[in-house]
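First comes the structure, then the notes that go with it.
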Amino acid sequence: MMKTIPVAPFDFMVFGGVGDLSMRKLLPALYFRDRDGQLTPDARILLASRAEQTIAEVIPRVRDAIGRHVAAEFFSEEVWQRFVQRLSYISLEATAERGWDRLAALMADRPEQIRVFYLATAPDLFGEICRNLARHGLITPQARVVLEKPIGRDLASARQINEAVGSVFEEHQIFRIDHYLGKEAVQNLLALRFANSLFETLWSRTAIDHVQITVAETIGVEQRGGYYDKSGALRDMVQNHLLQLLCLVAMDSPSSLDPNDVRDEKLKVLRTLKPITAETVGMATVRGQYRPGAINGASVGGYLDDLGQPASDTETFLALKAEVNTWRWAGVPFYLRTGKRLPERVSEIVIQFRPVALNIFPSEAGLFNPNRLVIRLQPDEGIKLQLVSKDPGPGGLRLRNSALNLSFAEAFKMRFPEAYERLLMDVVRGNATLFMRRDEVEAAWSWVEPILDGWARTGQACRPYTAGTWGPSSAIALIERDGRTWHDEPL
Ligand code: BG6
Numbered sequence: 079m080m081k082t083i084p085v086a087p088f089d090f091m092v093f094g095g096v097g098d099l100s101m102r103k104l105l106p107a108l109y110f111r112d113r114d115g116q117l118t119p120d121a122r123i124l125l126a127s128r129a130e131q132t133i134a135e136v137i138p139r140v141r142d143a144i145g146r147h148v149a150a151e152f153f154s155e156e157v158w159q160r161f162v163q164r165l166s167y168i169s170l171e172a173t174a175e176r177g178w179d180r181l182a183a184l185m186a187d188r189p190e191q192i193r194v195f196y197l198a199t200a201p202d203l204f205g206e207i208c209r210n211l212a213r214h215g216l217i218t219p220q221a222r223v224v225l226e227k228p229i230g231r232d233l234a235s236a237r238q239i240n241e242a243v244g245s246v247f248e249e250h251q252i253f254r255i256d257h258y259l260g261k262e263a264v265q266n267l268l269a270l271r272f273a274n275s276l277f278e279t280l281w282s283r284t285a286i287d288h289v290q291i292t293v294a295e296t297i298g299v300e301q302r303g304g305y306y307d308k309s310g311a312l313r314d315m316v317q318n319h320l321l322q323l324l325c326l327v328a329m330d331s332p333s334s335l336d337p338n339d340v341r342d343e344k345l346k347v348l349r350t351l352k353p354i355t356a357e358t359v360g361m362a363t364v365r366g367q368y369r370p371g372a373i374n375g376a377s378v379g380g381y382l383d384d385l386g387q388p389a390s391d392t393e394t395f396l397a398l399k400a401e402v403n404t405w406r407w408a409g410v411p412f413y414l415r416t417g418k419r420l421p422e423r424v425s426e427i428v429i430q431f432r433p434v435a436l437n438i439f440p441s442e443a444g445l446f447n448p449n450r451l452v453i454r455l456q457p458d459e460g461i462k463l464q465l466v467s468k469d470p471g472p473g474g475l476r477l478r479n480s481a482l483n484l485s486f487a488e489a490f491k492m493r494f495p496e497a498y499e500r501l502l503m504d505v506v507r508g509n510a511t512l513f514m515r516r517d518e519v520e521a522a523w524s525w526v527e528p529i530l531d532g533w534a535r536t537g538q539a540c541r542p543y544t545a546g547t548w549g550p551s552s553a554i555a556l557i558e559r560d561g562r563t564w565h566d567e568p569l
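In this note's numbering, the protein residues as written are 79 to 569.
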């Protein structure tokens, strides 16, 4: 078990407390933190939702969720008994008066305690919930609010939310979560880049040919069709997760790990992204939507079947070519790709180095690949550095591609905590390094919005792809046009 230091006592309140995110991610994450001894005996968890029900009715659902999302080997009756004592439930109306006085009374006994208000609701409720928190005197100096994505659906709505939340909470109390930043391998990227001097001199256009960022999922839209159809891959994945990964790869070294130092550097990257406009959107982006197909041998329906609608032009796949307009990165494309119903669940960042300046080896030595650094976020977190070495043995010099492979699971024999575990404790600690600042979210929308406009103006439609394939063939053309290929195979 990991050695953990308990965090300060807290009241952790979840709006949308019996919803999908709470059951699937937040409560299991808090359970694990409890299991590892990180919660003090008096830490409390309050679940709020509209439904009129009692905690006795909610507990079996929480138990069921813990059963499904915590592997049996990590479940213990003793921890569960401790955990369940922390839970309470309150029925309230986010946008009306009902329930708020009762909530205020419930929290009144511990005014000094750290209070986390986690908004796992639709974003159009964020403003009203925050105003209600203020009206009922619940925002103490020790209070923090956590905003789940999506923060808006465009720049104007993101600003509106930020204004509303910012009118009652100070910026340092606002935690805009992007769970990708809590993934072990993503944090490791900071360590890889800034705790090793090896890469820094290579980390630019001089040595790097291009970068690929892939977040591929095998799942479809599942029960989230209602949300997803209004969103699509650009808003759901690229505006936040993929752009955050791009920032961590492209940013300069911050002067410290102070939240603002890190976020200043990420912001600079977002602001230097070359705009994709109606003139360039057709060449720089490929939208796709899955049709029926098969994944791992099992047949699956298409997006429209999952949605239960006859038509939709929402993209479930997106590939794009981004460019960072700085001296470090000029001329180095960043190819981004994400999609649902792809052949495997894999998220990785590939740094492709330039080929050797001159090949001095005879043709009998064989062809060899340029070096490549692969940072694997999931599954099998790790780092691979592809090198070229000599084939062992006598009889001429033949070259072969080989790899230095750091598999985190093999190197560090431990359970890898879920992203939310780290992030929730960071909220309690008040450490915002792995959260997005207001200007970052707005800068990301400023870059994304012209793409949405470009699609609307040029009528760029989704291209179909069969579930279980790597997206529409034009996504392959997007990168092959530049004489490059997607990294789809293991080394
Ligand atoms: C969420 C998206 O933010 O991330 C989902 O809304 C997506 O559509 C999910 O499935 C992917 O997260 P992970 O951690 O499973 O890669």
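C-beta atoms are modelled at their ideal positions from N, C-alpha and C, and glycine is treated no differently.
Checklist line | Alpha carbon of Asp330 to alpha carbon of Glu343, nearest angstrom | finding: Going by the C-alpha atoms only, they are around 6 angstroms apart.
Margin query: If you reduce the DSSP assignment to three classes, tell me which class Gln322 lands in.
Written below: For Gln322, the secondary structure class from DSSP, reduced to helix, strand or coil, is helix.
Note to self: For a quick check, are the C-beta atoms of Ala263 and Ile453 less than 8 angstroms apart?
What the structure shows: The Cβ atoms of Ala263 and Ile453 sit closer than 8 angstroms to each other.
Next item on the list: Grab me the residues of Ala481's own chain with a C-beta within less than 8 angstroms of its C-beta, minus the 5 sequence neighbours each way, in chain order.
Entry: These residues qualify, in order along the chain: Lys462, Leu463, Gln464, Leu465, Leu569.
Checklist line | Whole-number beta carbon distance between Trp178 and His214, since they are thought to touch under 8 angstroms | finding: Indeed, because the Cβ distance is near 5 angstroms, the residues count as touching under 8 angstroms.
Notebook entry, point to check: Beta carbon of Lys308: closer than 7 angstroms to some heavy atom of the ligand BG6?
Noted result: Not so, every heavy atom of the ligand BG6 lies at least 7 angstroms from the Cβ.
Next item on the list: Name the residue from Arg450, Trp533, Asp89 whose alpha carbon lies nearest to the alpha carbon of His288.
Entry: Answer by Cα proximity: Arg450.
Item checked: Beta-carbon proximity list for Gly508, same chain, < 6 angstroms, skipping 5 on both sides -> Taken in chain order, the list of residues that qualify is empty.
Next item on the list: Go ahead and pull the three-state DSSP assignment for Leu165.
Entry: In the displayed model, Leu165 falls within a strand according to three-state DSSP.
Next item on the list: Please report how far the alpha carbon of Pro84 lies from the alpha carbon of Asn240, in whole angstroms.
Entry: C-alpha separation (whole angstroms): 32 angstroms.
Next item on the list: State the Cα-Cα distance for the pair Val224 and Gly380, rounded to the nearest angstrom.
Entry: A straight-line Cα-Cα distance of about 34 angstroms links Val224 and Gly380.
Notebook entry, point to check: Thinking C-alpha only, which one of Thr132, Gln131, Gln116, Met101 is nearest Ala143?
Noted result: Of the candidates Thr132, Gln131, Gln116, Met101, the one whose C-alpha sits nearest the C-alpha of Ala143 is Met101.
Check: With which residues is Ser467 paired in a DSSP beta bridge?
Finding: Paired residue(s): Arg478.
Next item on the list: Return yes when at least one heavy atom of the ligand BG6 lies under 7 angstroms from the C-beta of Gln367, else no.
Entry: No, the ligand BG6 has no heavy atom inside 7 angstroms of this Cβ.
Note to self: Determine, for Ala481, whether the minimum Cβ-Cβ distance to residues of chain D falls below 8 angstroms.
What the structure shows: Annotation note: the requested chain D is absent from the structure, which comprises a single protein chain.
Check: Whose C-alpha, out of Lys468, Arg146, Phe513, is nearest the C-alpha of Glu442?
Finding: Selection Lys468, Arg146, Phe513 evaluated against Glu442 yields Lys468 as nearest (Cα-Cα).
Next item on the list: Taking only the alpha-carbon atoms, compute the straight-line gap between Val364 and Arg535 and give it to the nearest angstrom.
Entry: So the alpha carbons of these two residues sit roughly 15 angstroms apart.
Next item on the list: Report the three-state DSSP secondary structure of Ala400 (helix, strand or coil).
Entry: Assignment of Ala400 by DSSP, reduced to helix, strand and coil, places it in the strand class.
Margin query: Does the distance between the C-beta of Gln538 and the nearest non-hydrogen atom of the ligand ATP fall short of 7 angstroms?
Written below: Absent from the structure shown: the ligand ATP. Ligands present: the ligand BG6.
Next item on the list: Would you tell me roughly how many angstroms separate the C-alpha atoms of Asn483 and Glu459, rounded to the nearest one?
Entry: Approximately 11 angstroms between the Cα atoms of the pair.
Check: Beta carbon of Gln456: closer than 7 angstroms to some heavy atom of the ligand BG6?
Finding: For Gln456, the CB falls within less than 7 angstroms of some heavy atom of the ligand BG6.
Notebook entry, point to check: Is it a yes or a no for the segment 101-115 touching the segment 200-211, going by three-plus beta-carbon pairs under 8 angstroms?
Noted result: Touching, no.
Check: Heavy atom of the ligand BG6 less than 7 angstroms from the Cβ of Glu190, yes or no?
Finding: Answer for Glu190: no, Cβ out of range of the ligand BG6.
Item checked: DSSP state of Ala121 mapped onto helix, strand, coil -> In the three-state reduction of the DSSP assignment, Ala121 falls in the coil class, being assigned neither a helical nor a strand state.
Next item on the list: Take the Cβ of Ala89 as the centre, count every other Cβ of all protein chains shown within 10 Å, and call the residue buried at 16 or more, exposed below.
Entry: The residue you asked about is not Ala; residue 89 is Asp in the sequence shown. Asp89 counts as buried, since no fewer than 16 other beta carbons sit within 10 angstroms of its beta carbon.
Check: Is it buried or exposed for Ser485, if we count other Cβ within 10 angstroms and need 16 for buried?
Finding: Residue environment: Ser485 is assigned as exposed (fewer than 16 neighbouring CB atoms within 10 Å of its CB, all protein chains considered).
Notebook entry, point to check: Since Gln367 is in the beta strand (DSSP E), which residue starts that stretch and which ends it?
Noted result: 363-369 is the span of the beta strand (DSSP E), which, as asked, contains Gln367.
Next item on the list: Pick helix, strand or coil for Asp415, following the three-state DSSP scheme.
Entry: Reading the sequence as shown, one finds Arg at residue 415 and not Asp. Three-state DSSP puts Arg415 in a strand.
Next item on the list: For the alpha helix (DSSP H) containing Gln265, list its first residue and its last residue.
Entry: It spans 262-272 - the alpha helix (DSSP H) in which Gln265 sits, taken as one unbroken run.
Item checked: Beta bridge counterpart(s) of Ser377 as assigned by DSSP -> DSSP, once it has assigned bridges, lists Ala372 as partnering Ser377.
Margin query: Check whether the segment 228-242 and the segment 262-276 are in contact - that is, three or more C-beta pairs closer than 8 angstroms.
Written below: Counting Cβ pairs under 8 angstroms, fewer than three are found: no touch.
Checklist line | Any non-hydrogen atom of the ligand BG6 closer than 7 angstroms to Met315 Cβ | finding: The ligand BG6 has a heavy atom closer than 7 angstroms to the beta-carbon of Met315.
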